[in-house]
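> In the working numbering, the protein residues as written are 25 to 108. Beta carbons are placed, not taken as given, at the ideal position from N, Cα and C, and that holds for glycine. The structure's right below; bear with me while I get my questions together.
Quick look at the structure:
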C-alpha cells in the first residue's frame with residue numbers, strides 16, 4: 025500500500041469517527057434554536073430546501089441522519105435515525 029493510499033484511508037477513518045451526526049449532538053437540539061446555533065452544533069447541512077418561511081435541512085446520509093425543520097429560521101421540530 026502506498027503512503028498516499030494509507031494517508032487517504034486514515035483521513036476517511038478520522039472523518040467518520042468525528043462525525044457530528046450522533047446521538048450526543050441530537051440530544052442537544054431544542055425547539056426554538058436558530059439556524060446558526062444548529063449549524064454550530066452539527067456543521068454545514070448536507071442539503072436544505074424550503075419555501076414561504078419554512079425550511080428543512082438534513083445532516084448525514086441514508087444510514088444515519090438528523091433532519092431539522094425550521095419556521096422563520098427557528099427549530100420547529102427535528103428527527104434522527106441510525107444515530108450512535
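Sorted by chain position, which residues of the same chain lie with C-beta nearer than 6 angstroms to residue 81's C-beta, five sequence neighbours on each side aside?
Hits under 6 angstroms: 69, 72, 92.
> Return the chain-ordered list of same chain residues with a C-beta closer than 7 angstroms to the C-beta of residue 77, the five sequence neighbours on each side being excluded.
Counting only Cβ-Cβ distances below 7 angstroms, and skipping sequence neighbours, we find 95, 96.
> Should residue 44 and residue 99 be called a contact, given that it needs their Cβ atoms to be closer than 8 angstroms?
No, the Cβ-Cβ distance between residue 44 and residue 99 is not below 8 angstroms.
> In the DSSP assignment, find the unbroken alpha helix (DSSP H) run with residue 59 in it and report its ends.
Taken as a continuous stretch (DSSP letters only), the alpha helix (DSSP H) holding residue 59 covers 59 to 66.
> Between the alpha carbons of residue 104 and residue 60, how many angstroms are there, rounded?
For residue 104 and residue 60, the distance between alpha carbons rounds to 19 angstroms.
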